[in-house]
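To start, the structure under review is shown below, and the notes come after it.
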Amino acid sequence: MSSQTSLVAERVRLRQWAAQIQFPWRWITFACLFAVLLIGSLLDDIETFFSKQVVKNTGIILGSLSLFMAMMFSGNYMASFNMFDMTETAQLNHSYEANEYMRYGAFMENVTHELQAAHINKLELLNRNAPEMKIYCKAMKGRGGEVIFPVFNYKGYALRDDKGDICEIYDSPNKEIAFAVPAGYDGNYILTYEFPWYWRLGDIISLCSWIMLVVGSVYYQVRREKKYEDSIDCSLLQ
Numbered sequence: 701m702s703s704q705t706s707l708v709a710e711r712v713r714l715r716q717w718a719a720q721i722q723f724p725w726r727w728i729t730f731a732c733l734f735a736v737l738l739i740g741s742l743l744d745d746i747e748t749f750f751s752k753q754v755v756k757n758t759g760i761i762l763g764s765l766s767l768f769m770a771m772m773f774s775g776n777y778m779a780s781f782n783m784f785d786m787t788e789t790a791q792l793n794h795s796y797e798a799n800e801y802m803r804y805g806a807f808m809e810n811v812t813h814e815l816q817a818a819h820i821n822k823l824e825l826l827n828r829n830a831p832e833m834k835i836y837c838k839a840m841k842g843r844g845g846e847v848i849f850p851v852f853n854y855k856g857y858a859l860r861d862d863k864g865d866i867c868e869i870y871d872s873p874n875k876e877i878a879f880a881v882p883a884g885y886d887g888n889y890i891l892t893y894e895f896p897w898y899w900r901l902g903d904i905i906s907l908c909s910w911i912m913l914v915v916g917s918v919y920y921q922v923r924r925e926k927k928y929e930d931s932i933d934c935s936l937l938q
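Under the working numbering, the sequence shown has 799 at position 99, and the numbering climbs by one with no breaks.
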């Protein structure tokens with residue numbers, strides 16, 4: 701059974717850049733883009749080469765800054781993202797790198813980087829493509845076991861077995877994701893994060909924003925060309 705994170709769009713970096721509405725610093729990107737349009741509008745009537753060059757250079761700088769911010773804050777959706785890298789600097793040891801905060805009641809010294817298991821014959825990490833994780837698990841015959849993911853149990857995570865059925869998850873002693881494995885189970889489990897509906901709304905808003913920018917740029921260029929042609933016609937009539 702495919703999860704909500706298996707869409708092709710989730711693996712495309714361009715989509716990750718466009719979806720900045722989902723990030724805390726999203727306003728910087730859009731502020732830079734609209735600043736380019738505002739500067740272009742203010743200097744629309746100035747025809748000197750120097751002014752045109754200023755607009756061009758300003759647009760390049762703001763556009764580059766927007767792209768840089770988009771790349772920096774899209775790390776949570778890249779396959780190389782490792783949510784287990786800890787940051788232990790002065791007065792910052794309460795959180796993870798990439799903005800995953802520890803839950804209340806969890807302790808940094810008890811956080812591990814590996815899967816934990818009890819009464820399990822074999823446990824193997826098959827694939828990790830954040831925020832999706834796939835494992836192989838073989839439990840003891842006649843006795844159930846328990847597996848703990850090194851991920852804090854925040855609302856939105858879902859665990860499925862080979863049949864696609866949702867399995868119950870609960871808090872481990874350190875507030876990480878834990879689940880019970882039936883006796884004799886031999887198969888895979890997939891842990892995914894089910895994105896909230898408003899994230900999809902954010903995608904739509906981001907896409908509409910890009911479309912508006914493209915249409916606006918084309919319209920602006922056509923209007924400038926028409927204005928230039930009208931000025932030539934007027935000069936010929938004089």
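We put the beta carbon where it would ideally sit given N, CA and C, even for glycine. Note that the structure is predicted; figures quoted are calculated from it, not measured.
Quiz item: Which residue or residues does DSSP assign as beta-bridge partners of residue 840?
Solution: Your numbering for residue 840 matches position 140 in the sequence shown. Bridge partners of residue 840: none, in fact.
Quiz item: In three-state DSSP terms, what is residue 855?
Solution: Reading the sequence shown from its first residue, position 155 is the one you call residue 855. Correct three-state label for residue 855: coil.
Exercise. Note down, in chain order, each residue of its chain lying with its Cβ closer than 7 Å to the Cβ of residue 818, except the 5 sequence neighbours on either side.
Key: By one-based count along the sequence shown, residue 818 stands at place 118. Excluding residues within five positions, the ones whose Cβ falls inside 7 Å are 845, 846.
Exercise. Go through its chain and collect everything with a Cβ distance to residue 677's Cβ below 6 Å, but skip five positions before and after it.
Key: Lying before the first or after the last residue shown, residue 677 is absent from the chain, which here runs from 701 to 938.
Exercise. Apply the 10 Å Cβ neighbour rule to residue 890 and answer buried if 16 or more other Cβ atoms are within range, or exposed otherwise.
Key: Taking the first residue of the sequence shown as position 1, residue 890 is located at position 190. The residue is buried, with at least 16 neighbouring Cβ atoms inside 10 Å.
Quiz item: Would residue 875 pass as a contact of residue 806 if the rule is Cβ separation under 8 Å?
Solution: Residue 875 sits at position 175 when you count from the first residue of the sequence shown. Residue 806 sits at position 106 when you count from the first residue of the sequence shown. Going by C-beta atoms, residue 875 is nearer than 8 Å to residue 806.
Practice problem: Pick out whichever of 768, 859, 821, 922 has its Cα sitting closest to the Cα of residue 879. | Solution: Numbered from 1 along the sequence shown, position 179 holds the residue referred to as residue 879. Ranking the options by Cα distance to residue 879, first place goes to 859.
Quiz item: Looking at the structure shown, is residue 876 part of a helix, part of a strand, or coil, going by DSSP?
Solution: For this step, residue 876 is matched to residue 176 along the sequence shown. Strand at residue 876.
Quiz item: Anyone know if the C-beta pair for residue 888 and residue 826 falls short of 8 Å?
Solution: Residue mapping note: residue 888 aligns to position 188 of the sequence shown, counting from 1. Residue mapping note: residue 826 aligns to position 126 of the sequence shown, counting from 1. Yes, the pair counts as a contact, with Cβ atoms nearer than the cut-off.
Exercise. With DSSP collapsed to three states, give me the class of residue 869.
Key: Numbered from 1 along the sequence shown, position 169 holds the residue referred to as residue 869. Of the three classes helix, strand and coil, the one that applies to residue 869 here is coil, per DSSP.
Quiz item: According to DSSP, is residue 758 helix, strand or coil?
Solution: In the sequence shown, the residue the question calls residue 758 occupies position 58. Residue 758: helix per DSSP, three-state reduction.
Exercise. Name the two residues that bound the continuous beta strand (DSSP E) containing residue 827.
Key: Within the sequence shown, residue 827 is the residue found at index 127, counting from 1. Per DSSP, residue 827 belongs to the beta strand (DSSP E) from 820–829.
Quiz item: Leaving out five residues before and five after residue 861 in sequence, what residues of the same chain have Cβ atoms less than 7 Å from its Cβ?
Solution: Stepping through the sequence shown from its first residue, residue 861 is reached at position 161. Closer than 7 Å at Cβ, skipping near neighbours: 867, 887, 889.
Quiz item: residue 923 to residue 911, Cα distance in whole Å?
Solution: As a first step, residue 923 must be located in the sequence shown, where it is residue number 223. As a first step, residue 911 must be located in the sequence shown, where it is residue number 211. C-alpha separation (whole angstroms): 18 Å.
Quiz prompt | Residue from 841, 929, 835 with nearest C-alpha to residue 892 | solution = For the purposes of this step, residue 892 is taken as the residue at position 192 of the sequence shown. Residue 835 is the option with its Cα nearest to residue 892.
Quiz prompt | Cut-off 6 Å between Cβ atoms - residues of its own chain near residue 871, not counting five sequence neighbours on either side | solution = Translated into positions along the sequence shown, residue 871 becomes position 171. The residues are 853.
Quiz item: Between which two residues does the beta strand (DSSP E) containing residue 886 stretch?
Solution: On the sequence shown, residue 886 is found 186 positions in, with the first residue counted as 1. Run containing residue 886: 886–893, per the beta strand (DSSP E) assignment.
Quiz item: So is residue 837 buried or exposed if we call it buried at 16+ other beta carbons inside 10 Å?
Solution: Sequence index remark: in the sequence shown, residue 837 carries index 137 (1-based). By the 10 Å Cβ count, residue 837 comes out buried.
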